[in-house]
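One structure is given below, encoded as structure tokens.
Structure representation (structure tokens):
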């Protein structure tokens with residue numbers, strides 16, 4: 001991962017309530033608006049806040065450093081619900097206790113990985129394993145399954161032996177290996193769905209010195225040969241990361257050129273006690289041109305295998321997927337992933353593409369219910385070790401059009417390869433929603449959801465991502481996935497629904513659905529649209545949400561979604577000269593991310609969600625027809 005810490009974006013008010021607060025992830029394209037930002041001073045303050053909010057059913061979303069690519073940590077936007085919605089940060093919970101007799105460290109949820117690792121180093125202690133970068137909040141990273149690389153090590157959550165957690169009613173529960181070991185399997189990778197984790201206890205170990213060796217290898221367009229060679233290297237090295245192959249964008253040919261070489265690093269214990277120098281070039285994450293050379297270095301495992309924030313070398317937007325699959329399938333899967341990516345090159349014509357990196361790691365499977373490397377559905381003949389395929393599409397300039405184009409492609413890999421290779425996606429990296437698939441790959445999901453219901457009876461910790469990914473149907477009414485002011489005509493023949501912002505961010509589009517009663521002909525509805533930056537809309541007439549009503553869907557071209565100034569001048573079939581026509585009204589500084597359809601004759605109603613992922617601007621997709629300005633549908 002090549003992303004920066006988001007500390008400056010989270011302004012800490014140190015108060016229970018403040019003004020409306022908009023949250024962003026590190027690259028500003030995942031966002032939501034809450035009613036306030038809450039930063040409790042301690043566990044007691046957090047419990048008090050939860051007890052006050054429980055009767056109201058307020059939406060509660062705990063955030064860390066915004067180090068993700070997906071909607072896992074998005075709040076329920078306050079434009080989509082009538083209930084209060086809060087962003088909560090536990091940054092003030094900074095207590096810490098080291099027990100060298102038990103070789104444990106107990107710390108509050110406010111600790112970031114970097115700061116915690118520095119404290120351990122001063123006490124001649126270390127983690128058994130870390131992620132490749134130390135920019136995250138520790139509890140946030142553990143709760144999503146963050147990991148390093150090694151066939152004999154697990155993700156960082158596997159080091160957790162105990163924790164304290166507040167449920168939605170503010171009641172404290174202590175979970176540990178001694179008293180409720182089975183439940184700990186649910187809480188290690190909790191996805192933020194099981195409550196506010198206020199404290200964690202980890203197993204640590206004495207300082208471990210490692211030798212890191214970096215090798216440069218020749219790349220080949222015979223991908224099967226290359227990936228089989230890499231698979232063999234994973235058998236020879238317990239801890240290894242491969243950075244490559246690399247592809248450079250060729251603006252002249254509009255294609256990805258394979259770089260002639262790529263590189264890898266592997267780590268092994270050493271008794272060398274000389275100069276520690278692995279942190280001198282910050283290459284533990286393979287980031288930067290100076291890392292692609294043959295060399296070796298020595299350091300504590302923390303600095304040998306993981307980079308501090310200053311070692312993050314990319315500040316440009318990029319899309320990323322990270323898929324976990326049994327390592328026995330790695331060579332074939334990586335080959336097919338690469339060929340598929342190459343086959344999609346013609347559609348990647350947005351500006352500012354720069355570099356595409358294939359990155360590969362390994363990880364030991366575990367028994368955490370929602371861990372991407374859980375072993376519950378593995379065939380007994382498999383080793384229980386997982387290979388990891390990561391693809392990074394990196395830009396030379398921060399451009400949303402290019403970012404959305406690449407994210408759209410990123411979402412397609414799991415549906416294409418998931419079943420064939422028993423793939424599990426990283427929870428917060430371009431993970432398309434499919435509750436049926438989730439249940440298949442995470443067989444302990446029913447047990448997880450039973451604990452979730454106990455901890456969160458009113459679904460206050462559930463956002464739309466969790467609702468859709470985990471299939472938490474009991475939460476449909478609680479989280480009200482609809483607009484406060486969805487509109488209908490006075491005779492109830494039509495329902496207008498507008499979706500925008502975080503709900504359909506993954507589609508790079510604003511979406512309007514006009515649901516027609518089965519007896520109504522969609523051809524009876526005429527639109528006259530005024531767009532400042534484009535002259536067409538794309539329409540689809542399908543039953544997208546399987547409710548036996550036709551969905552007439554409008555998608556604004558994503559290439560100008562952030563610049564559009566959209567107004568409906570005439571909407572025949574609704575209203576008249578007396579009542580007035582519906583208009584689009586901005587409710588945020590960015591019209592494309594906050595707009596409601598309103599008119600004097602409309603009344604508020606409640607509608608269920610409809611799932612749709614826009615597949616591009618082509619008018620051929622999904623049977624769409626092109627309706628030009630003022631055109632008849």
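Residue numbers (the numbering used here): 1 to 633. We treat Cβ as the ideally placed atom computed from N, Cα and C, and that holds for glycine. From a predicted model like this one, the values you see are computed outputs, not experimental measurements.
Span separating the alpha-carbon of residue i from that of residue j
{"i": "residue 372", "j": "residue 424", "result": "6 Å"}
{"i": "residue 156", "j": "residue 46", "result": "25 Å"}
{"i": "residue 2", "j": "residue 287", "result": "Its pLDDT being 36, under 50, residue 2 is placed unreliably in this model, and the value from its coordinates should be taken loosely. Taking the straight line joining both Cα atoms gives about 7 Å."}
{"i": "residue 226", "j": "residue 420", "result": "21 Å"}
{"i": "residue 104", "j": "residue 116", "result": "13 Å"}
{"i": "residue 177", "j": "residue 236", "result": "33 Å"}
{"i": "residue 334", "j": "residue 415", "result": "15 Å"}
{"i": "residue 202", "j": "residue 108", "result": "12 Å"}
{"i": "residue 200", "j": "residue 188", "result": "10 Å"}
{"i": "residue 456", "j": "residue 57", "result": "10 Å"}
{"i": "residue 433", "j": "residue 60", "result": "21 Å"}
{"i": "residue 185", "j": "residue 397", "result": "42 Å"}
{"i": "residue 253", "j": "residue 271", "result": "51 Å"}
{"i": "residue 417", "j": "residue 344", "result": "15 Å"}
{"i": "residue 606", "j": "residue 464", "result": "Annotation note: pLDDT 26 at residue 606 (below 50); position unreliable, no value reported."}
{"i": "residue 445", "j": "residue 422", "result": "16 Å"}
{"i": "residue 308", "j": "residue 302", "result": "9 Å"}
Spatially closest choice to residue i from the options, by CA coordinates
{"i": "residue 209", "options": "437, 412, 129", "result": "129"}
{"i": "residue 121", "options": "452, 23, 159, 204", "result": "204"}
{"i": "residue 170", "options": "464, 473, 458, 472", "result": "458"}
{"i": "residue 470", "options": "451, 477, 438, 452", "result": "438"}
{"i": "residue 283", "options": "126, 64, 134", "result": "134"}
{"i": "residue 43", "options": "64, 60, 94, 74", "result": "94"}
{"i": "residue 380", "options": "369, 365, 392", "result": "365"}
{"i": "residue 259", "options": "60, 447, 66, 250", "result": "250"}
{"i": "residue 38", "options": "182, 32, 21, 31", "result": "21"}
{"i": "residue 163", "options": "51, 196, 441", "result": "196"}
{"i": "residue 668", "options": "265, 305, 61", "result": "A query on residue 668 cannot be resolved here, the shown segment of the chain reaching from 1 to 633 and no further."}
{"i": "residue 267", "options": "261, 242, 252, 290", "result": "242"}
{"i": "residue 440", "options": "377, 403, 257", "result": "377"}
{"i": "residue 173", "options": "198, 56, 466, 138", "result": "198"}
{"i": "residue 126", "options": "159, 445, 466, 151", "result": "159"}
{"i": "residue 212", "options": "279, 154, 147, 232", "result": "279"}
{"i": "residue 139", "options": "193, 123, 150", "result": "193"}
{"i": "residue 407", "options": "76, 331, 341, 281", "result": "341"}
{"i": "residue 276", "options": "299, 291, 219", "result": "299"}
{"i": "residue 36", "options": "72, 55, 83", "result": "83"}
{"i": "residue 295", "options": "216, 330, 302", "result": "216"}
{"i": "residue 33", "options": "80, 207, 293", "result": "80"}
{"i": "residue 191", "options": "168, 76, 220, 72", "result": "72"}
Per DSSP, the bridge partner or partners of residue i
{"i": "residue 298", "result": "211"}
{"i": "residue 323", "result": "389, 425"}
{"i": "residue 248", "result": "257, 355"}
{"i": "residue 364", "result": "385"}
{"i": "residue 266", "result": "213, 240"}
{"i": "residue 67", "result": "According to DSSP, residue 67 bridges with nothing at all."}
{"i": "residue 31", "result": "24"}
{"i": "residue 470", "result": "Beta-bridge pairing links residue 470 to no other residue."}
{"i": "residue 206", "result": "125"}
{"i": "residue 61", "result": "87"}
{"i": "residue 116", "result": "Partner(s): none; residue 116 has no beta bridge."}
{"i": "residue 36", "result": "86"}
{"i": "residue 98", "result": "105"}
{"i": "residue 201", "result": "106, 162"}
Cβ distance (whole Å) where residue i is taken to contact residue j below 8 Å
{"i": "residue 405", "j": "residue 348", "result": "6 Å"}
{"i": "residue 338", "j": "residue 223", "result": "5 Å"}
{"i": "residue 451", "j": "residue 462", "result": "Not really, about 13 Å apart at Cβ, beyond 8 Å."}
{"i": "residue 136", "j": "residue 92", "result": "About 17 Å; that fails the 8 Å criterion."}
{"i": "residue 413", "j": "residue 321", "result": "6 Å"}
{"i": "residue 399", "j": "residue 346", "result": "Going by Cβ atoms, the distance from residue 399 to residue 346 rounds to 19 Å, so no, they are not a contact pair."}
{"i": "residue 634", "j": "residue 85", "result": "Absent from the structure is residue 634, since the part of the chain shown begins at 1 and ends at 633."}
{"i": "residue 175", "j": "residue 165", "result": "6 Å"}
{"i": "residue 362", "j": "residue 150", "result": "6 Å"}
{"i": "residue 230", "j": "residue 360", "result": "6 Å"}
Contact test: residue i Cβ vs the ligand PLP heavy atom, cutoff 8 Å
{"i": "residue 70", "result": "Looking at this structure, you won't find the ligand PLP or any other ligand, since it has none at all."}
Exercise. Taking contact to mean at least 3 C-beta pairs separated by less than 8 Å, is the region 385 to 393 in contact with the region 318 to 335?
Worked result: yes
For this session: Would you be able to state if there are at least three C-beta pairs under 8 Å between the region 244 to 253 and the region 349 to 359?
Result: yes
For this session: Taking 8 Å as the threshold, find out whether the region 25 to 32 comes into contact with the region 93 to 112 through three or more Cβ pairs.
Result: no
For this session: Evaluate the contact criterion for the region 63 to 80 versus the region 412 to 432: three or more CB pairs, one atom per stretch, below 8 Å.
Result: yes
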